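For the sequence shown, the residue numbers in the numbering used here are 61 to 308. Idealized CB from N, CA, C, for every residue including glycine. The model shown is predicted, which means the values in this text are computed figures rather than measured ones.
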Amino acid sequence: MGTPPAIPRKKVTVATLRNLHKKREPITVMTAHDFPSAHVADHAGMEIILVGDSLAMVALGMEDTSEVLVEEMLLHCRSVARATKSAFTVGDLPMGSYEIAPEQALETAIRFIKEGRVQGVKLEGGKEMAPTIRKITTAGIPVLAHVGLTPQRQNALGGFRVQGKTSDGAMKVLEDALAVQEAGAFAVVLEAVPAEVAALVTEKLAIPTIGIGAGNGCSGQVLVQVDMTGNFPPGRFLPKPSKPTATT
Numbered sequence: 061m062g063t064p065p066a067i068p069r070k071k072v073t074v075a076t077l078r079n080l081h082k083k084r085e086p087i088t089v090m091t092a093h094d095f096p097s098a099h100v101a102d103h104a105g106m107e108i109i110l111v112g113d114s115l116a117m118v119a120l121g122m123e124d125t126s127e128v129l130v131e132e133m134l135l136h137c138r139s140v141a142r143a144t145k146s147a148f149t150v151g152d153l154p155m156g157s158y159e160i161a162p163e164q165a166l167e168t169a170i171r172f173i174k175e176g177r178v179q180g181v182k183l184e185g186g187k188e189m190a191p192t193i194r195k196i197t198t199a200g201i202p203v204l205a206h207v208g209l210t211p212q213r214q215n216a217l218g219g220f221r222v223q224g225k226t227s228d229g230a231m232k233v234l235e236d237a238l239a240v241q242e243a244g245a246f247a248v249v250l251e252a253v254p255a256e257v258a259a260l261v262t263e264k265l266a267i268p269t270i271g272i273g274a275g276n277g278c279s280g281q282v283l284v285q286v287d288m289t290g291n292f293p294p295g296r297f298l299p300k301p302s303k304p305t306a307t308t
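Given below as structure tokens:
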């Protein structure tokens, strides 16, 4: 499982992330879906470990993220939490658990904190989700927002397509990012956004941006762990930003 670091890291908090962003130091984010993968990510020094709904495919063999249930996410969150000693842990709210009303979202977020033992939650959506983000953050739960390509809405977006390629599209990404910032998100994921648009959004925001397929101008980067290592299931679509660096 690896050798413990000689000098244990201090626990990463939202304040830690703000300080890194203020100093323009990169923020590293990696997904984990169980005890061993969380140990790897924590031992590697990740600032944030995300229990992403991508576990639907990479851990449970589902077709896409829309299949995974709250109870399944909570089980994996607990497993990840047991292995994580230093990183800030975030659980992905699955489709159907937060869209109906802000009150529904808050109830789900509370379950992730109490039952899943994570420190924050992530949800997809821009301006339309601002009231929901505000509801959760007002209750004292940190929220990682997610704009650009939002996989839970792939059917409405026409599949996994780059967002923000037109001037109107770029403006929408910026407006969404500003809205989630105003609602209280501590950071925002920018997925599948042109590099120049992501860099502009990063410059305009006061909170960190975490890129995936959005160039190197973001405040940090996130990768699905199995995509990075190459230890992904047969038939798994490998996104362009992910190049396997190891095999197991």
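Item: Excluding sequence positions up to five away, which residues of its chain have a Cβ less than 7 Å from the Cβ of A147?; Value: V72, A101, D102, M106, E107, I108, I109
Item: Is the beta carbon of A274 less than 8 Å from the beta carbon of A247?; Value: no
Item: Could you tell me if V74 is buried or exposed, where buried requires 16 or more neighbouring beta carbons within 10 angstroms of its beta carbon?; Value: exposed
Item: What whole-angstrom Cβ distance do M155 and S126 have, given they're in contact under 8 Å?; Value: 5 Å
Item: Just to confirm the assignment: which complete beta strand (DSSP E) runs, minimum length 3, are found wholly within the stretch 113 to 163?; Value: 148 to 152
Item: Under a three-way DSSP split, which group does T192 fall into?; Value: helix
Item: I believe H93 touches V111 by the beta-carbon criterion, under 8 Å. Please report the beta-carbon distance rounded to the nearest angstrom.; Value: 7 Å
Item: Going by other Cβ atoms of all chains shown within 10 Å of its Cβ, with 16 needed for buried, is G200 buried or exposed?; Value: exposed
Item: In whole angstroms, what is the alpha-carbon distance linking L120 and L209?; Value: 23 Å
Item: Report yes or no: do the stretch 173 to 181 and the stretch 229 to 241 share at least 3 C-beta pairs separated by less than 8 Å?; Value: no
Item: What is the rounded straight-line gap between the Cα of T192 and the Cα of V207?; Value: 14 Å
Item: Between the Cα of K232 and those of L250, G244, A245, spot the shortest distance and give me the residue it belongs to.; Value: L250
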